[in-house]
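Under the working numbering, read the sequence shown as residues 178 to 258, first letter to last.
Heads up, the beta-carbon is just placed ideally off N, CA and C, and yes, glycines get one too.
Read through the structure below, which is laid out as structure tokens, and then see the notes.
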Amino acid sequence: MTYLFGGDQPVTTTKPLDFGITEVLAYRCTGCAICVQSCPNDVIRMKGGKASIRYPEDCAACFLCVEDCPREAISIGLRPV
């Protein structure tokens, strides 16, 4: 049984879950590309002047992009595999 963040309630789902990048909020992204430079796995790329998720399955959930983004435009969390 999987427990999220040490809680006492099990995480149940019909699909397998993984922890990693889930979204880039385009309305917050200024196109500075800091997240692209900070990602060690080349998950984030620039597309149309905004950051976009290229290979979400390669995200190691290291949180470097989240920590470096000055606009808090990136979310990491549970996602379907």
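E200 (DSSP reduced to helix, strand or coil): strand
Bounding residues of the beta strand (DSSP E) (the contiguous stretch that carries R231): No beta strand (DSSP E) contains R231, which DSSP labels as neither H nor E.
Bounding residues of the alpha helix (DSSP H) (the contiguous stretch that carries E244): 241-245
If you measure between the beta carbons of I198 and V220, is that distance less than 8 Å? yes
The alpha helix (DSSP H) spanning V213 covers which residue range? 211-215
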